[in-house]
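One structure is given below, encoded as structure tokens.
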Amino acid sequence: MRIGEMVRRTGVSERLLRYYEEQGLLAPERLPSGYRVYTETDVETVRHIRILLSAGLPTAKIRHMLACVRDDGPGLVPLCPTTVADLQRERERIARTIRDLETSQTLLDEVIARAPEPARSN
DNA sequence: TTTCTAACA
DNA sequence: TGTTAGTA
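The numbering of the first sequence is UniProt numbering, which starts it at 1 and goes up by one.
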């Protein structure tokens, strides 16, 4: 199928589908005209990409992860032995980011709390 | 009409 | 990411 149908099937915009290709996440074949040709597998791959992206993984990690994942309907299943470790590492990275943001939030709360009454009316 | 690339908002 | 221009 060409990109138009992919947009309908996946709900992902043309722009984004081309971007995923540029990032090495998809590799559709080309017609002599230069038009991209996608397969059913690509539709599935886009679903995986969306899930991994929602999980906060960068496209570079997703690129390696795609070959190591299966889809049993309800969710993704990590296959390669390194995949689980990679996911745990990402989880830790996210946890670290959350902690940093909480520190920032606390700092802001303290500053806000010291504001004179009239200025705090937000 | 649909898609492509490249570049700008 | 959206949008746009000029094509094939």
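Note that CB positions come from ideal geometry on N, CA and C, so glycine has one too.
Fill in: Span of the alpha helix (DSSP H) around Leu76
No alpha helix (DSSP H) holds Leu76; the beta strand (DSSP E) holding it covers 76-78.
Worksheet item: On the premise that Cys68 lies in contact with Pro78, defined as a C-beta separation below 8 Å, what is that separation, rounded to the nearest angstrom?
Response: 6 Å
Practice prompt. Quick one: using the 10 Å Cβ neighbour count with 16 as the cut-off for buried, is Leu76 buried or exposed?
Written response: buried
Worksheet item: So, using beta-carbon positions, are Ile3 and Arg36 closer together than 9 Å?
Response: yes
Discussion item. Just to confirm the assignment, what range does the alpha helix (DSSP H) spanning Arg9 have?
Written reply: 3-10
Practice prompt. Could you please give me the residues that DSSP links to Glu29 through a beta bridge?
Written response: Val37
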